[in-house]
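Here's the structure, in structure tokens; my notes come after.
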Amino acid sequence: MRELGKAVVWFKDVTKNDIPLVGGKGANLGEMTGAGIPVPQGFIVTADAYFYFIENAGIDGVIADKLEGLDIHNSLRLQKVADEIQEIIRTADIPAVIADEIEKAYKEMGRGLVAVRSSATAEDLPEASFAGQQATFLNILGDKNVVNAVRDCWASLFGARAIFYRHEQGFEHFKVGIAVPVQHMVQSEASGVMFTVDPMNGNRDVIVIEAVIGLGEMIVSGDVTPDHYAVKK
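To convert, count from 1 in the sequence shown and add 121; that's this note's numbering.
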């Protein structure tokens with residue numbers, strides 16, 4: 122049985138060297154916090170906690186069996202297996218040692234509205250990007266709801282799109298972990314996504330910004346067509 126390392130870490134204690142523990146998004150939140158950028162503060166439920174959870178619950182073998190021999194190009198079968206795996210994860214008990222740490226950290230944050238986000242340990246790599254493939258939950262309130270949202274983020278690691286992408290990119294399913302940043306919710310007037318390199322053609326002389334009124338979740342979910350800006354550096 123895997124030993125549990127740190128289940129929870131704070132943004133202020135994280136750097137870019139901690140990607141295996143907190144994922145790409147978690148590491149970037151730590152870097153921005155350390156640089157003094159005004160980031161809504163919070164903590165990260167680590168990838169160690171995720172791996173400990175699936176092993177402690179005894180579901181790693183069940184998940185592996187369902188993925189064995191799966192034809193990812195059969196979309197109906199892929200979706201069915203993904204749904205089954207996610208339900209297995211959502212209904213598994215979170216070890217008290219992890220749930221207690223999450224609730225304790227949430228209490229230290231003041232128990233207000235939070236965003237519960239996903240941060241894969243293979244996120245934003247030069248050769249592959251897993252960003253946006255896992256779930257984010259906004260306006261979460263209450264100890265148990267936060268704990269359940271963390272588990273839902275873990276489950277999203279086995280969404281159909283995520284399973285397909287890992288297979289296509291040659292990543293072993295159990296070598297990719299998921300951490301979960303939990304941070305104060307911001308009711309934004311406008312939100313956006315900025316690329317310092319044009320993602321369509323790799324042009325390094327252009328900054329690309331896509332923005333919407335309100336929360337940025339509408340951009341990454343594809344619910345709306347954002348305003349598009351291309352700015353020369």
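Using N, Cα and C, we set each Cβ at its ideal position, and we do this for glycine too.
Any idea what DSSP makes of H288, helix, strand or coil? helix
What did DSSP end up calling S309 once you bin it into helix, strand or coil? coil
Of the residues Y173, G126, N269 and T212, which one's Cα is nearest the Cα of R238? N269
Alpha carbons only, please: which of A351, A178 and T346 is nearest the one belonging to V318? A351
Going by beta-carbon coordinates alone, are G280 and S309 separated by less than 8 angstroms? Cβ distance not < 8 angstroms, so G280 and S309 don't count as in contact.
Residues near E248 in its chain [Cβ-Cβ closer than 7 angstroms; skip 5 each side]: Model confidence at E248 stands at a pLDDT of 48, short of 50, so the residue's coordinates are unreliable; what they give is reported in the following sentence. So the list is empty, once near-sequence residues are dropped.
Distance, Cα to Cα, K373 vs H194? Missing from the structure shown is residue 373; the chain here goes from 122 to 354 and no further.
Look up I215 in the DSSP assignment and say whether it is helix, strand or coil. coil
Grouping DSSP H, G and I as helix and E and B as strand, with all else coil, what is M315? In the structure shown, M315 adopts extended strand secondary structure according to DSSP, grouped into three states.
Note down the Cα distance separating T346 from I140, rounded to an integer number of angstroms. 31 angstroms
Alpha carbon to alpha carbon, what distance is there between N177 and I210? 12 angstroms
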